[in-house]
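Chains as they are written, first to last, in the numbering used here: chain Y, 461 to 559; chain D, 17 to 151.
Before any comments, here is the structure.
Structure follows, in structure tokens:
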């Protein structure tokens, strides 16, 4: 996924996850020509866990990366975690094919 | 507001995240209840639950192990109305139907049309003025 790739390559973030889910909202309905899709629309959620001092910078980075400054369905939010363990990759992990 | 190279991010700072976990198939009822109460959007994803299921019903089959998790971001002002509406619509007072919780959020942002930002700023100014006048 483009955002995860950009986060890793440009910001060095390896603690991001994504999953597919159903989304509901007015802007989504507008994007799909106003048709009401009762089952919702297929959307992606990305969660990013980072150090508190990096958070504001990444919030802004993601906002512009996903074009939230233009008409576009979606929302970004930021909250505090009470605790987290550090995560690092072992040395020599190869990039996935196509990256 | 955050500004970068002529662009501005309008930050929503008085927001909360409602997370509601219900049996599979009931997520849409929760979303409808939230939207009726004024919530703008929601996301639903599937999850597998575990807990007291084994102790409920015959052979533990009474409560679906497949769950739907509903996430809804609302303003603090809307929180109580949306929370209550979801609680009633989801029958969360019935054992095994599900539960929900609210998390504080530091900030949120999305695309907001300029005319709407102008309206919100005007309302904010009027609100501040009203508070100053009354104090």
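By construction, the Cβ of each residue, glycine as well, lies at the ideal position given by its N, Cα and C atoms.
These figures come from a predicted structure and were not determined experimentally.
Taking 8 Å as the threshold (beta carbon to beta carbon), is residue i in contact with chain Y?
i, result
"residue 60(D)", "yes"
"residue 47(D)", "yes"
"residue 127(D)", "yes"
"residue 171(D)", "Chain D is shown only over 17 to 151; residue 171(D) falls outside these bounds and no answer can be derived."
"residue 82(D)", "no"
"residue 33(D)", "yes"
"residue 2(D)", "As shown, chain D starts at 17 and ends at 151. That puts residue 2(D) outside it, with no answer to give."
"residue 37(D)", "no"
"residue 102(D)", "no"
"residue 56(D)", "yes"
What's the gap between the Cα of residue i and the Cα of residue j?
i, j, result
"residue 522(Y)", "residue 463(Y)", "8 Å"
"residue 514(Y)", "residue 95(D)", "29 Å"
"residue 28(D)", "residue 57(D)", "15 Å"
"residue 114(D)", "residue 136(D)", "36 Å"
"residue 24(D)", "residue 66(D)", "44 Å"
"residue 151(D)", "residue 138(D)", "20 Å"
"residue 128(D)", "residue 85(D)", "27 Å"
"residue 87(D)", "residue 62(D)", "12 Å"
"residue 508(Y)", "residue 472(Y)", "12 Å"
"residue 82(D)", "residue 557(Y)", "34 Å"
"residue 510(Y)", "residue 34(D)", "22 Å"
"residue 406(Y)", "residue 480(Y)", "Since the displayed chain Y opens at 461 and closes at 559, residue 406(Y) lies outside it and no answer follows."
Mind checking if residue i is an interface residue toward chain D, Cβ cutoff 8 Å exclusive?
i, result
"residue 463(Y)", "no"
"residue 467(Y)", "no"
"residue 458(Y)", "Chain Y is shown from 461 up to 559; residue 458(Y) falls before or after that span and cannot be answered."
"residue 483(Y)", "yes"
Residue i lies in the alpha helix (DSSP H); which residues open and close that run?
i, result
"residue 95(D)", "92-105"
"residue 141(D)", "130-150"
"residue 526(Y)", "Premise fails: residue 526(Y) is in no alpha helix (DSSP H) and is neither H nor E."
"residue 51(D)", "43-52"
"residue 55(D)", "Element bounds for residue 55(D): n/a, residue is neither H nor E."
"residue 468(Y)", "462-471"
Would you kindly report the start and end of the unbroken beta strand (DSSP E) that includes residue i?
i, result
"residue 477(Y)", "476-485"
"residue 124(D)", "123-125"
"residue 504(Y)", "501-508"
"residue 119(D)", "114-120"
"residue 33(D)", "31-39"
"residue 538(Y)", "536-538"
Kindly give me the distance between the Cβ atoms of residue i and residue j, rounded to whole angstroms, as I take these residues to be in contact under 8 Å.
i, j, result
"residue 500(Y)", "residue 533(Y)", "Wrong, their Cβ atoms sit about 12 Å apart, outside the cutoff."
| field | Near-chain D residues of the region 491-519 of chain Y - C-beta to any C-beta below 9 Å | value | 498, 499, 500, 503, 505, 515, 516 and 519
#### Entry: Residues in the region 532-545 of chain Y having any Cβ partner in chain D nearer than 7 Å
532, 534, 535, 536, 537, 538, 539 and 540
Near-chain Y residues of the region 115-143 of chain D (beta-carbon distance less than 8 Å), N- to C-terminal order
119, 120, 121, 122, 123, 124, 125, 126, 127 and 129
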